[in-house]
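Working notes for the structure below.
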Ligand code: 5RP
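Numbering (the UniProt record's numbering), first residue to last: 1 to 218.
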């Protein structure tokens, strides 16, 4: 079964977590795109959505879903998003699409984080996928040196500017046995905006697409 079919299946399953009459948080990436397309079928039954990126905002708007700014919203009942890696504790690496900061902000306002991913994203130890770190441009080299001191191999994602006007360093070679600790440590480096570890606030529900069907873990 190809990966897109698995992504489509989990995106469809996530629609069951969308409460009627509410504003929901929507993530970024190819899996989230399938979710947005599915959400279009129930656009009249939700109030609208807060997007975690300009790309998702555009897609939501194109599907006729009303957009809200996060500053207009007190809380979100649910946030639905994909992941680059997810472990057994539902800690994740995210940011393959460079939207990690807004994703983390929107997720922080949601009562429930529903992670939608194809089976290849499930790992025993996070870190094979290079960890994205969003950095203020002026601090790119100094942050890179400190990430090296932590044992990683940071690579500048050249040509990519985030929705917030910053750059991304992808940190290779990490074996992340303490995701909460590493998330905290990297966030304390001056010049770092956010890192792609979502461990302090992991997902609450994992919908994993497998050839045998969607496996739900809570
Ligand atoms: C974007 C993300 C995505 O959720 C992550 O990269 C997964 O993407 P995809 O659904 O395309 O596999 O964090 O910043």
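All C-beta atoms, glycine included, are put in the ideal place defined by N, C-alpha and C.
Taking a contact to mean a Cβ-Cβ separation below 8 Å, would you say residue i touches residue j in this structure?
i	j	result
residue 135	residue 143	yes
residue 50	residue 15	no
residue 17	residue 109	no
residue 117	residue 5	no
residue 179	residue 126	yes
residue 131	residue 163	no
residue 121	residue 84	yes
residue 173	residue 152	yes
residue 160	residue 98	yes
Could you check if residue i belongs to the surroundings of the ligand 5RP, using beta carbon to heavy atom distance under 7 Å?
i	result
residue 122	no
residue 28	yes
residue 84	yes
residue 98	yes
residue 32	yes
residue 81	yes
residue 103	yes
residue 25	no
residue 159	no
residue 12	no
residue 58	no
residue 95	yes
residue 47	no
residue 7	yes
Quick check on this structure: which residue in the options has the alpha carbon closest to the alpha carbon of residue i?
i	options	result
residue 166	151, 5, 133	133
residue 34	56, 23, 45, 44	56
residue 24	62, 66, 54, 173	66
residue 54	128, 69, 42, 145	69
residue 63	45, 40, 174, 92	40
residue 168	177, 139, 188	139
residue 177	60, 59, 199	199
CA-CA distance, residue i and residue j?
i	j	result
residue 32	residue 141	32 Å
residue 218	residue 194	26 Å
residue 37	residue 149	43 Å
residue 10	residue 157	29 Å
residue 124	residue 95	19 Å
residue 2	residue 119	11 Å
residue 52	residue 86	19 Å
residue 104	residue 212	31 Å
residue 82	residue 203	10 Å
residue 107	residue 183	16 Å
residue 137	residue 210	39 Å
residue 145	residue 216	40 Å
residue 185	residue 175	15 Å
residue 19	residue 44	12 Å
residue 93	residue 189	18 Å
residue 147	residue 42	44 Å
residue 61	residue 129	31 Å
So residue i packs on residue j, CB below 8 Å; how close in whole Å?
i	j	result
residue 80	residue 27	6 Å
residue 30	residue 47	Actually they are not in contact, since the Cβ atoms of residue 30 and residue 47 sit about 26 Å apart, beyond 8 Å.
residue 206	residue 90	6 Å
residue 214	residue 13	4 Å
residue 78	residue 112	5 Å
Quick check: is the beta carbon of residue i nearer than 8 Å to any beta carbon in chain D?
i	result
residue 105	The structure shown has no chain D; it contains just one protein chain.
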